[in-house]
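Colleague: I have a structure here, written as structure tokens, and I will follow up with some questions on it.
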């Protein structure tokens with residue numbers, strides 16, 4: 010018996026598993042950093058920004074703050090990193106920050122992601138099971154040609170992985186019992 014017999018849906022972590030967030034964010038940040046003479050390597054900047062990802066979601070998971078979508082957290086985290094780097098916000102237009110925050114919606118898939126997802130679609134329904142917000146995941150899918158059947162995850166559940174309700178409410182949204190789903194991630198936290 011195959012371990013995936015009875016599985017009808019594969020839910021994918023996206024950032025890192027399906028797309029290359031680090032190089033994509035660094036690429037988007039490079040011009041911004043140069044334009045504002047911010048002396049930091051774009052990859053270090055991407056790492057600092059992403060380094061605030063889990064702590065900001067933990068505040069939601071713990072109930073310290075109400076649920077907000079990942080784009081809101083990413084924007085807050087962007088401003089925190091820029092502040093730590095000594096950026097004068099009076100010299101940075103809000104539209105520039107909004108545009109830079111959209112870097113998370115313009116990330117290249119790993120070289121085998123689209124072909125692999127397309128192949129898996131022959132047997133399973135596939136979709137995100139991500140902390141990303143629905144609109145951002147939709148834009149990312151369009152940008153990278155990701156062939157999702159559905160986008161579920163944190164926004165459906167009103168909390169972030171690895172809270173159980175993120176997985177359970179996503180299962181309900183696709184009309185399957187949790188035991189008929191499999192989580193696909195490049196890391197063990199999921």
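Numbering (my numbering), first residue to last: 10 to 199.
Positions of the beta carbon are idealized from the N, C-alpha and C atoms, including for glycine.
The model shown is predicted, which means the values in this text are computed figures rather than measured ones.
#1: So, with DSSP's three-state summary, where would you put residue 138?
#2: Just mark residue 51 as buried or exposed, buried being the case when its beta carbon has 16 or more other beta carbons within 10 Å.
#3: Taking only three categories from DSSP, how would you classify residue 133?
#4: What residues in its chain sit with their C-beta under 7 Å from that of residue 101, if we drop five residues either side in the sequence?
#5: Output yes or no for whether 7 Å exceeds the beta carbon distance between residue 61 and residue 86.
#6: Beta-carbon within less than 7 Å of residue 96's beta-carbon, same chain only, minus the 5 sequence neighbours each way: which residues are those?
#7: Secondary structure at residue 54, three-state DSSP: helix, strand or coil?
#8: For residue 23, count neighbouring C-beta atoms within 10 Å of its own C-beta (all shown protein chains included) and say buried if the count is 16 or more, exposed if not.
#9: Quick check on the DSSP output: what are the complete alpha helix (DSSP H) runs of length 4 or more inside the segment 57–84, in order along the chain?
#10: With distances taken between CB atoms, is the gap from residue 190 to residue 20 smaller than 7 Å?
#11: Helix, strand or coil, according to DSSP, for residue 160 in the structure here?
#12: By a C-beta neighbour count over all protein chains shown, 10 Å radius and 16 as the cutoff for buried, is residue 151 buried or exposed?
#13: So what's residue 42 in DSSP terms, helix, strand or just coil?
#14: When you compare each of 15, 34, 17 and 12 to residue 113 by their alpha carbons, which one comes out closest?
#15: Just to confirm my understanding: we take residue 79, look at its own chain, exclude 5 residues before and 5 after, and list those with CB closer than 6 Å. What are they?
Modeller: If we stick to the structure as given:
#1: If you number the chain shown from 1, residue 138 lands on position 129. Three-state DSSP puts residue 138 in a strand.
#2: Against the chain shown, residue 51 aligns to sequence position 42. The residue is buried, with at least 16 neighbouring Cβ atoms inside 10 Å.
#3: By 1-based counting over the chain shown, the position of residue 133 is 124. Residue 133 falls in the coil class under three-state DSSP.
#4: Your numbering for residue 101 matches position 92 in the chain shown. If we look at residue 101 and ignore the five residues flanking it on each side, its Cβ neighbours are 45.
#5: Sequence index remark: in the chain shown, residue 61 carries index 52 (1-based). Sequence index remark: in the chain shown, residue 86 carries index 77 (1-based). Yes, Cβ-Cβ distance for residue 61 and residue 86 is below 7 Å.
#6: In the chain shown, the residue the question calls residue 96 occupies position 87. Non-local beta-carbon contacts of residue 96 in its own chain, meaning distances under 7 Å to residues more than five positions away in sequence, involve 45 and 47 in chain order.
#7: Locating residue 54 in the chain shown gives position 45, counting from the first residue. Reduced to three states, the DSSP call for residue 54 is helix.
#8: Walking along the chain shown from the start, residue 23 turns up at place 14. It counts as buried.
#9: 62–70
#10: Counting from 1 along the chain shown, the entry for residue 190 is found at position 181. Counting from 1 along the chain shown, the entry for residue 20 is found at position 11. Yes, Cβ-Cβ distance for residue 190 and residue 20 is below 7 Å.
#11: Here the question's residue 160 lines up with position 151 in the chain shown. Strand at residue 160.
#12: As a position in the chain shown, residue 151 is number 142, starting the count at 1. Residue 151 should be labelled exposed.
#13: For the purposes of this step, residue 42 is identified with residue 33 of the chain shown, where counting begins at 1. DSSP places residue 42 in helix when its eight states are reduced to three.
#14: Indexing the chain shown from 1 puts residue 113 at position 104. With distances taken between Cα atoms, residue 113 lies closest to 34.
#15: Here residue 79 refers to the residue found at position 70 of the chain shown. Contacts found: 140, 141 and 142.
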